[in-house]
Amino acid sequence: MSSLDPVASKSGFLCMYMSNHPDALVSYVKHYGKVSGNVTSAKMSKIDSNAMTLSYTTSSAKGKSKDNELTVTVPFDPPLAGYEEVKPRLLAMKVDAEEALGMSKSPTLTSFTFPPTAYQTFSAVLSLVYVTFAPPPSPTDSPALSTLLTPASLLREAVGGTQVIKWIWVFMFGVHALESVYTWSLCKKYKLGFGAGSLYVIGTIFLGYPFFTHLRKRAQDARIESILKGN
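What follows is the structure in structure tokens.
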């Protein structure tokens with residue numbers, strides 16, 4: 001099966017290439033391999049579409065013989081779609097690992113951009129507004145208005161009535177409030193100005209997770225760009 005794996009077929013080359021990036025390999029071992037000791041060296045011994053196998057030594061393992069090496073397997077989630085995805089995935093994993101381990105400087109972001117995925121949560125919130133506030137149809141309504149209002153009434157009944165709808169709102173804003181605190185911490189971390197930071201926090205309060213995930217993605221892209229430029 002491995003002979004059909006486009007990544008496994010290039011495993012030897014990739015292992016040799018990654019030997020020039022020992023800092024990245026050590027960060028993979030410590031963060032993704034959850035190795036808490038002092039990792040002194042690491043190398044990639046195998047890679048395929050599903051995982052990479054890393055061998056490493058710690059400060060307690062003197063020498064570099066195979067008997068002193070330990071091994072950890074780091075899965076790819078999701079699996080690599082092909083060989084062309086290896087470099088960007090490993091680079092993104094390096095950035096995430098180094099940030100988590102405190103090995104990299106956080107980038108500075110200066111602007112607000114609306115997250116594309118927020119349109120999905122906007123649609124969900126808009127649907128909740130419709131179900132909550134659309135009045136029940138009445139015999140005097142026009143056919144068009146009755147057609148517009150009937151689904152909201154049916155959905156309210158299906159979920160358990162207005163009391164359940166009320167608790168859905170409470171739960172949603174409770175979760176969004178907690179998420180907005182996290183978003184605010186990211187804004188501080190990435191040194192966003194008051195205006196742009198406020199937009200991210202307000203967006204999180206109303207529409208939730210797309211704003212902080214987008215902010216993290218922008219920061220990751222900025223770190224990757226910095227690495228590619230050799231900074």
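For what it's worth, UniProt numbering labels the leading residue of the sequence shown as 1, then goes sequentially.
For glycine and all other residues, C-beta sits at the position ideal for the given N, C-alpha and C.
#1: Where does the unbroken alpha helix (DSSP H) through Pro22 begin, and where does it stop?
#2: Which residue comes first and which comes last in the beta strand (DSSP E) that contains Leu54?
#3: Quickly, what does DSSP pair Leu4 with across the bridge? List them, please.
#4: Going by C-alpha to C-alpha distance, which of Gly102, Thr113, Thr73 and Val131 sits closest to Glu157?
#5: Runs of 4 residues minimum, wholly inside the segment 71-153: which ones carry the alpha helix (DSSP H) assignment?
#6: Quick check on Lys64: does DSSP put it in helix, strand or coil?
#7: What separation, rounded to the nearest whole angstrom, lies between the Cα atoms of Met44 and Trp167?
#8: What's the call for Gly174, buried or exposed, on a 16-neighbour Cβ count within 10 Å?
#9: Would you report the Cα separation of Asp70 and Val170, rounded to the nearest angstrom?
#10: Would you decide whether Phe212 is buried or exposed? Buried here means 16 or more other CB atoms lie within 10 Å of its CB.
#11: Taking Met18 as the reference, give the member of Ile47, Pro6, Leu145 and Ser185 with the closest Cα.
Reading from the atomic positions:
#1: Your numbering for residue 22 matches position 22 in the sequence shown. That run of the alpha helix (DSSP H) goes Pro22 to His31.
#2: As a first step, residue 54 must be located in the sequence shown, where it is residue number 54. First-last of the beta strand (DSSP E) with Leu54: Ala51 to Thr58.
#3: By 1-based counting over the sequence shown, the position of residue 4 is 4. Per DSSP, Leu4 has no beta bridge partner at all.
#4: If you number the sequence shown from 1, residue 157 lands on position 157. Out of Gly102, Thr113, Thr73 and Val131, Val131 has the C-alpha closest to the C-alpha of Glu157.
#5: 86-100 and 118-133
#6: Position 64 of the sequence shown holds residue 64. Its pLDDT being 49, under 50, Lys64 is placed unreliably in this model, and the value from its coordinates should be taken loosely. Reduced to three states, the DSSP call for Lys64 is coil.
#7: As a first step, residue 44 is located in the sequence shown; it is residue number 44 there, counting from the start. As a first step, residue 167 is located in the sequence shown; it is residue number 167 there, counting from the start. Approximately 51 Å between the Cα atoms of the pair.
#8: Start at 1 with the first residue of the sequence shown, and residue 174 comes out as number 174. Burial call: exposed.
#9: Taking the sequence shown and counting its residues from 1, one reaches residue 70 at position 70. Taking the sequence shown and counting its residues from 1, one reaches residue 170 at position 170. Residue identity differs from the one stated: residue 70 is Leu in this sequence, not Asp. Each residue's Cα considered, the two are about 50 Å apart.
#10: As a position in the sequence shown, residue 212 is number 212, starting the count at 1. Buried, because 16 or more other Cβ atoms sit within 10 Å of the Cβ of Phe212.
#11: Here residue 18 refers to the residue found at position 18 when the sequence shown is read from its first residue. Of Ile47, Pro6, Leu145 and Ser185, the residue nearest in Cα terms is Ile47.
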